[in-house]
Each structure stands twice: as structure tokens, then as C-alpha cells.
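See structure below.
Protein chains: 2
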Amino acid sequence: MIVKHGMNYLTVLNSARNHKLAPPLAVLRRQQFLIRVLGVRGENRMQGSKFEADSDNILRAITPVFDPNRHKGQAGKVAVIGGCREYTGAPYFAAISALKIGADLSHVFCTKDAAPVIKSYSPELIVHPVLEESYSVGDRDKDHITRRVVAEVDKWMERFDCLVVGPGLGRDPFLLDCVSEIIKQARQSNVPIIIDGDGLFLVTNNIGLVSGYPLAILTPNVNEYKRLVQKVLNCEVNDQDAHGQLMSLAKQIGGVTILRKGKCDLISDGEIVKSVSKHGSPRRCGGQGDILSGSVAVFLSWARQLILADEGNLIISPTNPTMLGCIAGSALLRKAASLAFEDRKRSTLTTDIIECLGRSLEDICPAC
Amino acid sequence: MIVKHGMNYLTVLNSARNHKLAPPLAVLRRQQFLIRVLGVRGENRMQGSKFEADSDNILRAITPVFDPNRHKGQAGKVAVIGGCREYTGAPYFAAISALKIGADLSHVFCTKDAAPVIKSYSPELIVHPVLEESYSVGDRDKDHITRRVVAEVDKWMERFDCLVVGPGLGRDPFLLDCVSEIIKQARQSNVPIIIDGDGLFLVTNNIGLVSGYPLAILTPNVNEYKRLVQKVLNCEVNDQDAHGQLMSLAKQIGGVTILRKGKCDLISDGEIVKSVSKHGSPRRCGGQGDILSGSVAVFLSWARQLILADEGNLIISPTNPTMLGCIAGSALLRKAASLAFEDRKRSTLTTDIIECLGRSLEDICPAC
Numbered sequence: 001m002i003v004k005h006g007m008n009y010l011t012v013l014n015s016a017r018n019h020k021l022a023p024p025l026a027v028l029r030r031q032q033f034l035i036r037v038l039g040v041r042g043e044n045r046m047q048g049s050k051f052e053a054d055s056d057n058i059l060r061a062i063t064p065v066f067d068p069n070r071h072k073g074q075a076g077k078v079a080v081i082g083g084c085r086e087y088t089g090a091p092y093f094a095a096i097s098a099l100k101i102g103a104d105l106s107h108v109f110c111t112k113d114a115a116p117v118i119k120s121y122s123p124e125l126i127v128h129p130v131l132e133e134s135y136s137v138g139d140r141d142k143d144h145i146t147r148r149v150v151a152e153v154d155k156w157m158e159r160f161d162c163l164v165v166g167p168g169l170g171r172d173p174f175l176l177d178c179v180s181e182i183i184k185q186a187r188q189s190n191v192p193i194i195i196d197g198d199g200l201f202l203v204t205n206n207i208g209l210v211s212g213y214p215l216a217i218l219t220p221n222v223n224e225y226k227r228l229v230q231k232v233l234n235c236e237v238n239d240q241d242a243h244g245q246l247m248s249l250a251k252q253i254g255g256v257t258i259l260r261k262g263k264c265d266l267i268s269d270g271e272i273v274k275s276v277s278k279h280g281s282p283r284r285c286g287g288q289g290d291i292l293s294g295s296v297a298v299f300l301s302w303a304r305q306l307i308l309a310d311e312g313n314l315i316i317s318p319t320n321p322t323m324l325g326c327i328a329g330s331a332l333l334r335k336a337a338s339l340a341f342e343d344r345k346r347s348t349l350t351t352d353i354i355e356c357l358g359r360s361l362e363d364i365c366p367a368c
Numbered sequence: 001m002i003v004k005h006g007m008n009y010l011t012v013l014n015s016a017r018n019h020k021l022a023p024p025l026a027v028l029r030r031q032q033f034l035i036r037v038l039g040v041r042g043e044n045r046m047q048g049s050k051f052e053a054d055s056d057n058i059l060r061a062i063t064p065v066f067d068p069n070r071h072k073g074q075a076g077k078v079a080v081i082g083g084c085r086e087y088t089g090a091p092y093f094a095a096i097s098a099l100k101i102g103a104d105l106s107h108v109f110c111t112k113d114a115a116p117v118i119k120s121y122s123p124e125l126i127v128h129p130v131l132e133e134s135y136s137v138g139d140r141d142k143d144h145i146t147r148r149v150v151a152e153v154d155k156w157m158e159r160f161d162c163l164v165v166g167p168g169l170g171r172d173p174f175l176l177d178c179v180s181e182i183i184k185q186a187r188q189s190n191v192p193i194i195i196d197g198d199g200l201f202l203v204t205n206n207i208g209l210v211s212g213y214p215l216a217i218l219t220p221n222v223n224e225y226k227r228l229v230q231k232v233l234n235c236e237v238n239d240q241d242a243h244g245q246l247m248s249l250a251k252q253i254g255g256v257t258i259l260r261k262g263k264c265d266l267i268s269d270g271e272i273v274k275s276v277s278k279h280g281s282p283r284r285c286g287g288q289g290d291i292l293s294g295s296v297a298v299f300l301s302w303a304r305q306l307i308l309a310d311e312g313n314l315i316i317s318p319t320n321p322t323m324l325g326c327i328a329g330s331a332l333l334r335k336a337a338s339l340a341f342e343d344r345k346r347s348t349l350t351t352d353i354i355e356c357l358g359r360s361l362e363d364i365c366p367a368c
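These protein sequence lines map, in sequence, to chains A and B.
Okay, so the first sequence: first residue is 1 according to the UniProt record's numbering, each after it adds one.
Okay, so the second sequence: first residue is 1 according to the UniProt record's numbering, each after it adds one.
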């Protein structure tokens, strides 16, 4: 696409130079940008109209109305499992995004090395230095350290409305073994799990960890999706039948929900497929996937609260809380990213997008 | 309540969708919000008028007028006992709030792990890495480490106008044993003590630590209050007689002052009950209780200074400095929270509220 648009752009540039009546370059660049971001090519219009989710209304429907009688924790308690010797930004992005959207409490479970750094990013987070990596664990100690790590997380498990597994997790074998056990504990406690980043590396190599768990959400990017398709469907990605293939993949993994991130986000639970293509930004700075995982965690928690409380009287479609959480999370991130890009253009960073989460939410769903 | 409001909201959503003449969703949400926040139900109006403290005038009465002849420390020296392996934000919120309101010096006594992180949040705080947790202490060393920890705090004790015990304290048994000894030292030195967070867990299990100490303030939230009532009054919380039960509880603990946090803050010293219900915010992000404990510490110190200096000629009601401190602290936090919410709405975090403390204080009680 870059080459194609580059060529388009040069053609435009020449015509602008050759004809006095041609519109100014800035206007042409703006037009080209809008064409690319809004994707007003034939197949996108079709796709948008047929599968596009009513994302703003869904977000409004699942976001709780404020009630002064509620107390701390009732608007959501989420936990991020991630943060190791190399990565400390990703779990922070996911955890702080959850708070900025409206969760009451946000925890991070990371390695001892990562904890002081993640804590120093924000006093708002509760950071537990409990994970261990191979370099700090002797072979003899592995069993009892695994039990200790899993127990440290499990004593909190019942309190969490959602777990985000993967942001900045790294690929240390011992750490990933512990995280596999944590995922099993979360399933036993019926806690929803969002799998992103290195969590997808873990799960793609051991699909049984999430297979058949309807409260699991996978949020792969282009490459992570490719590996998932190859591993589970034993074939290559087929963009001619993107919707059908995504639905088959979700069904094959036993009805988990998959949010395939891209220019247009595609979401399926194996039963239906929805797309979210409004707004968005052409900037691809690292960390936006972490905002998405933290956002989906909050909206999924709210959708689940609403559906459990409403005992089936809820008039909303789709009715699967994981689908609702993905649609709302995708819509909010895309709007925040577009607002940040309007302001910062090429220098847009993930922290700029996080700063736009509140305004985006207020635009779509005013607090009062 | 979640069910009720979820259903209300969806009914509204449907009517808005089904009837052309239905008011816009934003208007309906606004109306619902105002009805809940203003609490225009009979019992709330009654409660407010009968027990509501004259909080703004009390805050103005106890806040000292600036005097160029005063020197560092005379406007207040507070200390927070808290901060452990998991929690570093809570003691920071309490200690920095005290400074933002006007204290001259704010100390934090925490574990060695927590100290560098808390120091990194702000260069304004004096952070002492003196507390120890079980995992870093051998059984043989416990006695002399306890003596050393208590001595480290005690050598500062006489300088403090108020101690805040509990924000981010954690529940490590050895650490809590040391804190019990610190509370005993503070009582011997006649230093006021505010007990919050995990400090309430400690005190609820050993009520003798504060029983009969008139300079102790407990600041329980919904769950902490429930445990306190069960333990001390051996019954359940009775919201039909919220005022009477709170007064009985405070009297039963020998005249300590209790600030029961909620939609309407209730305060009693066993003799009278006052409420503070002005302003406030529907956002329940974690950390607001820490701001309150730091604020009450400063106002209590000022009220006590004023009462001691005035030798009984002070015309102000109530006359108990712990009641005055609680009323002013509650009023200030509620105003700051409402200002922050006006600006940030759903994305309001505790740090946003702390940034509004100065403006709130200036609105109620201009510096000059």
C-alpha cells in the first residue's frame, strides 16, 4: 500500500506542479490521507455496510451510568500479567488505560526487576513483583517457585473482573510456564482472559490453554494472526475470505473471541463477525495494542456485569460480552488514536493516545 | 443498583430509539445523573438539613492566616506510616496531599523496597526506608529488628503534629507487629493518629491499640466499617439508624472519632454526629481515601494548634479538634473531587484530584 500511495502521491505532485489551477499540495495530501484512513474504496464500503458494528451505541449501552451509591471496585478491577527485564512500558500502557476509561483498580503482576520501574510510571497502579525468570531460578527450585508464583496471583484472582495476559511478558520459558498455570487458575475461577503480545506466542504454541473457554479473547496483530492461522487451521491467511476464515479460526478454538487488529478491526466468536473501521490513525507506534487490551478488559467487565445483572432482558446485539467488549474497546482506541494524530501528527506516541482516551469516551458517551 | 440502573438505562435507550419525540440520550443521562447525585429523595434532604456540618466555615476557622514571622514547620509536620512491596502509591497520595494543603514537612516511613519508588514520585517528601517485612527477616532477628524499627520512628515522634497509619501498609504480620508498637509510642507522646486502609485491618483485630485515645481518628470505607461494626458492636450495619450506630461505635471504642466514608460522609466522636454531603464525585478510583487521610491530618493539626493557643476562648462548634479536622478534610476532598470530575469526567484519577486541592482550598479560604 505504501508504494501504491507513494506513486499516487508523485503523480499528484507532478500534476500540481504542471497545472496552475491544481489545488495546493497540502489540500491534496489531506484528501489522500482521508481516502486512505476512511478507506472509501469499493470493497471497504461494502464490507463496512455489511459487517460494521454499531460501535458507538454498543459502547454507550454497556458503559455504566454513574451512581454515587456505588463504592470503590464496583466499576471494575482488572489485572495485567506482564512486565519483565526488557519490557516495562507495555503492562503500564494496558493497566493505566483501564483506569483512564473508568476502572476503579488496576493491578500489574510482573518480575522483581520490572516492578520498581512500572511503579515509578504512575502511583495509580498496584504493582506486584511476583514473576520470576529462568536466570534467577535454579533447576531445583523451579517447582516450589512455580507454586509460590501461582499462589501469589491466585490469592487475588477472585477479586478480578478481567485478566490481561501478555503485555511485555517476554518469552522466558520458566516465566511462561508459570503464566500457563495462572491461565488455568483464571479459567477455574471463571475470570475472563484477554491474551495479547507474548501471551499469544504462549497460547499459539499451546492452544489448549484457551480452547473451549468462551471468556477468552485473543487480540492478534498481522504477524500473530498469521502464526495462529498456520498453527490452528494449518493454512495461510486468506484475505479474500477474511471474515469466513476468522470465524472458522474462532470456532476451531472452541468459541473463543478473536479481535484481528488492522486497518479495519475484525472480531468474531465463531458465530458472527463484526468489523470496526471508523476513525483510527495511520501512525503505528508500538504500544497501541496494549491500550486496546486494557480497554477491552474494562468494556468486557462492564458488558458482563450488565448481562449477568439483567438476566436476559437486555436488548442489545451482539449478546456475547466478549464481542461487546472488543467492539467498544476497538471503537474507543480508534477514536483516541485519531484525536491524538490530529494534534501530534507524525510525532504521535502511545502516551498521547492514552491522554485522549477520556475525551474520546466523553465524546461518545458523556458521563453526565 | 447495577441491575436497576443498567435496566433503567436500557429502557431509556430503547425509548430514545423507538420514539421520535424522546429527548436525546445525553439529556436523559444528564437527568438520571443529577437525580442520583443531588439525592432528591426525602430521607436525604432531611439527613442533610439536620446533621450537615457548616464545613466551609469550619475549614476557614481552623486554617491559619499567613504570618511572615512564622518559620518552617509551624504550619504542620505530618508522617505517613505505610508503603510496602505491593503498595507505593497510597502513602505518596497521603503525604503529598498534606503538603498541597499547606503542611510544611511531610514524612513517609516505609519498607526498603518501597522507599526508592516513593522518593521517585516526588522530591518534596522525606522518605525513611525503615520498615521490614517477614520475607526479609529471620525468626531469630525479629525482636531486635522490631526494637530498631520502633526506635527509628520514635526518634522523630516528638516532632510530628500528626501520624497517618495505614496507606499502603499491606498485611505482613511482622510489619504489622512493628506498627502496633509505633502506635503505642505515638499514644505515649500524645501525637494524634489517623488510621486508614490496612491500619484499620490491624486496629479492628486489636481495638485496644486505639480504644480510649481521644486523638485517634478511624476513616473506614463501606467494607472496613462493616468489619468494625461486626467486631466491636457484634452486629450488622444498620443504615436505618446510621447516625445512632456510628455514635454508639465511637463511644464503644472509648471516644475515638470515626469518619464513615460514603456518598455522604458521617463523622462522630461518640458525643455528636455530623455529616458532610456537599460536592463530591461519582468516580470511585482507588486512592481518594489516601488524600482524605492526609487532608484530615493537616486540618486536625491546625485545629489542635488553634484550640491549644486559644485557651478555650474559641467560638467554634464542634469543639473537638478531631471532629473539626474530619469535617474540613472531608469538605476539601469532596470539592477537589468535584472539580477534577468536571474537568476529566470518567478518566478522573487520584492524581487529578490532588491537583485540584490547592484551587479548592483557595475557593473556600483565600490565602490573602
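Built from N, CA and C at the ideal position, the CB exists for glycine as well.
Which residue from the options puts its Cα closest to that of residue i?
i        : options                                : result
A:Tyr121 : A:Val130, A:Glu133, A:Arg260, A:Val108 : A:Val108
B:Cys356 : B:Lys77, B:Ser55, B:Lys100, B:Ala53    : B:Lys100
B:Thr146 : B:Phe160, B:Leu131, B:Tyr135, B:Asn57  : B:Leu131
A:Cys368 : B:Ser338, B:Ser360, B:Thr351           : B:Ser338
B:His279 : B:Glu236, B:Gly208, B:Asp310, B:Leu333 : B:Leu333
A:Ala309 : A:Leu59, A:Pro64, A:Asp56              : A:Pro64
B:Arg159 : B:Ala250, B:Ala115, B:Ser301           : B:Ser301
B:Ala216 : B:Arg283, B:Pro321, B:Pro282           : B:Pro321
A:Ser281 : A:Asp241, A:Leu202, A:Leu349           : A:Leu349
A:Asp161 : A:Gly358, A:Ala186, A:Val150           : A:Ala186
B:Gly102 : B:Arg304, B:Ile315, B:Ser295, B:Asp352 : B:Ser295
B:Ser136 : B:Arg85, B:Lys119, B:Ala151            : B:Arg85
B:Pro91  : B:Ala115, B:Gly358, B:Ser275           : B:Ala115
A:Lys335 : A:Val149, A:Asp352, A:Thr319, A:Met323 : A:Asp352
List the residues that DSSP assigns as beta-bridge partners of residue i.
i        : result
A:Glu158 : According to DSSP, which records beta bridges pairwise, A:Glu158 is partnered with nothing at all.
B:Glu52  : B:Ser275
A:Arg260 : A:Leu266
B:Pro129 : B:Cys110
B:Val164 : B:Val80, B:Ile194
A:Ile291 : A:Ile291 is not bridged to any residue.
B:Ala216 : B:Ile193
B:Leu169 : Partner(s): none; B:Leu169 has no beta bridge.
B:Leu105 : B:Lys77
Check whether the Cβ atoms of residue i and residue j sit closer than 8 Å, and answer yes or no.
i                      : j        : result
B:Lys72                : B:Asp113 : no
B:Asp265               : B:Ser330 : yes
A:Pro129               : B:Gly89  : no
B:Asp141               : B:Arg171 : no
B:Thr219               : B:Leu259 : yes
B:Ile253               : B:Ser317 : no
A:Leu228               : A:Thr204 : yes
A:Glu52                : A:Ser360 : no
B:Leu163               : B:Val117 : no
A:Ser55                : A:Ala328 : yes
A:Leu202               : A:Leu176 : yes
B:Phe93                : B:Ser134 : no
A:Trp156               : A:Ala79  : yes
A:Gly83                : A:Thr111 : yes
B:Ile194               : B:Ala297 : yes
residue 382 of chain B : B:Ser97  : With chain B covering 1 to 368 only, the question about residue 382 of chain B has no answer from this structure.
B:Arg284               : A:Arg283 : no
A:Ala270               : A:Phe299 : This sequence places Gly at residue 270 of chain A; Ala is not what is there. Their beta carbons are not under 8 Å apart, which means A:Gly270 does not touch A:Phe299 by this criterion.
B:Ile182               : B:Val153 : yes
A:Pro214               : A:Ser293 : no
Original post:
At a Cβ cut of 8 Å, what residues of the segment 72 to 102 of chain A count as close to chain B, listed as they run along the chain?
Top reply: Lys72, Gly73, Gln74, Ala75, Leu99, Lys100, Ile101, Gly102
Original post:
Between the segment 269 to 292 of chain B and chain A, which residues of the former have a C-beta closer than 9 Å to a C-beta of the latter?
Top reply: Gly280, Ser281, Pro282, Arg283, Arg284, Cys285, Gly286, Gly287, Gln288, Gly289
**OP:** Would you list, in chain order, the members of the segment 183 to 214 of chain A that have their beta-carbon closer than 9 Å to a beta-carbon of chain B?
**Re:** none
**OP:** Anything in the segment 120 to 132 of chain B with a Cβ closer than 8 Å to a Cβ of chain A? List those residues in chain order, please.
**Re:** Ser120, Tyr121
Subject >> Length at least 4, wholly inside the segment 303 to 358 of chain A: the alpha helix (DSSP H) runs in chain order >> reply: 321 to 344, 350 to 355
**OP:** Output, in sequence order along the chain, the residues in the segment 244 to 273 of chain B whose CB is closer than 7 Å to any CB in chain A.
**Re:** Lys263
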